[in-house]
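What follows is a single structure, written as structure tokens, with notes after it.
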Amino acid sequence: MNIILYGKGNLGKRAYDYLSGADGIMLTGLCSDSINESDTKLEFADSNYNPFRVPVLSLDEAGEAYRNKEADAIILATDNEVISFVSRRILEKGIYDIALLPSYYEDGSYDIDDGSFEWIEITKPRLDYIEYHISFHCNLNCKGCSHFSNLIHEPRFGDYDQFVKDISRLRDLFWGISKIRLMGGEPVLNKQLPDFIYAAREAFPDADIRIVSNGLMIREDQKELFKAMRECAVFFDISTYPPTGHLLNRLSEICGKEHVKLTVTPPVNEFSASLNPAGTSDPDVSFATCPARHCVYLCDGMISTCIMPQIIDVFNNEYGTDIRSGENDVIDLYEEGLKGIDLIERLKKPMEICRYCSSNRRVFEWKPGNDPHMDDWIAGT
Ligand code: SF4
Ligand code: SF4
């Protein structure tokens, strides 16, 4: 099989090394695609990492080689965030056999073999991001938690069977998802977390899957969790709230021993509040300035642009408010005739409930919120 490699950085270099030595594969070209000098350019070819002197081709030349049957496929080994964009560009050049090497092969923690490459189903789009609540409640209960976890008074967990069904439905609609964040609340509170990890990885072998945690519940005896994360190349995203800060060395040590990667946010000492219960905000303005506008949220067969329309009942029930979502704010994943491409378009638009958010975010100091008050969530005036 004759392959052209579209690679970048260390992932591209590792793909190059593997493909140039693999049985039955001939690396016939390196695609140097100068879309933008600062992002998707093929850096490793430009820095002369090409020990076998494989010809460097423009994307047009790669398309020509494919049409002339001098190349059977193109393999992407580049930044996860640009895969959707780059694969569309390649399709536009008439190349229909495209595979990718997932980003978790980048640093050598996982060995590459022929099964590491995922073929793209070109009839479907790729979704950029989803988040999912493994647990709705939390051990930390920060004041003004944007997911209202400190208002969830009884343990509440994601429904595993429904998740398996929903993630498989998403696989019907999309060939891939760039990033899946399993979060909450505190996901580590859910003993079934390893099962969720296996299910997410099985459905989306190429996704960058993260467990978003405050880190306080991570212990070295959670062997099943570490095993699932290791086997599925799933990493921790640790949010560094003040109580987490002094644990970071210990967490790094535990994760290092278990060969599980973790990334750590900069210290989070401030939160912000944006609710406007009167609903008088301009939804387009609120949406345009909202940091959560790309945080697509999945729960029990329903999907929405952000978590708000699916979780606002928690706030309404606690404080007797009447913040309402519009009938189109939440989309049924099982809607008849739903197509992935249409779903992406719908998820890009402001929702009716955005009028209950203000662009005038009020910043306040992080505090534990054992005594929550409605004002904790209210925007500045
Ligand atoms: S750690 Fe704080 S912000 Fe994060 S889910 Fe728990 S209560 Fe909310
Ligand atoms: S409802 Fe709209 S403005 Fe409010 S957090 Fe969600 S996307 Fe942002």
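Numbering of the sequence shown is given in my numbering, commencing with residue -8 and proceeding in unit increments. Think of the CB as a built atom: it goes at the ideal place given N, C-alpha and C, for glycine as much as any other residue.
query, result
"Nearest residue (CA-CA) to F306, options V255, K4, S140", "S140"
"Residue burial classification, L242 (beta-carbon count within 10 angstroms, cutoff 16)", "buried"
"Any heavy atom of ligand 2 within less than 6 Å of residue CB: hits in chain order", "S277, F278, C281, A283, R284, T296, C297, M299, M342, I344, C345, C348"
"Inter-stretch contact at 8 Å, needing at least 3 Cβ pairs: the region 177 to 193 / the region 351 to 359", "no"
"Which of helix, strand or coil DSSP assigns to S23", "coil"
"Sequence-distant residues of its chain with Cβ nearer than 8 Å to Q153 (five each side left out)", "D291, G292"
"Classification of Y87 by the beta-carbon crowding that lies within 10 angstroms, buried from 16 upward", "exposed"
"Near ligand 1: L216 beta-carbon under 7 Å from a heavy atom", "no"
"Residue interval of the alpha helix (DSSP H) (run including E122)", "Run containing E122: none in the alpha helix (DSSP H); it sits in the beta strand (DSSP E), 117 to 124."
"Cutoff 8 Å; reference W357; Cβ partners in own chain excluding five residues on either side", "C133, K134, Y232, P233, V259, N260, E261, F262"
"Where G99 falls, given that 16 or more other Cβ within 10 Å makes a residue buried", "exposed"
"DSSP state of I202 mapped onto helix, strand, coil", "strand"
"Rounded distance between the beta-carbons of R315 and C297, thought under 8 Å", "With 8 Å as the limit, C297 and R315 do not qualify as a contact, their Cβ atoms being about 15 Å apart."
"Cut-off 7 Å between Cβ atoms - residues of its own chain near N361, not counting five sequence neighbours on either side", "N132"
"Beta-bridge partners of S295, as assigned by DSSP", "Y288, V321"
"Pairwise C-alpha distance: K4 and F217", "28 Å"
"L131 Cβ short of 7 Å to ligand 3 heavy atom set", "This structure lacks ligand 3; its bound ligands are ligand 1 and ligand 2."
"Alpha helix (DSSP H) runs wholly inside the region 163 to 201, at least 4 long, in chain order", "184 to 194"
"Proximity winner among S49, G85, S94, F108, relative to A13 (alpha-carbon distances)", "F108"
"Within 8 Å, strictly: CB atoms of Y95 and L173", "no"
"Reference V225; option with closest CA among F187, G106, L238, G206", "F187"
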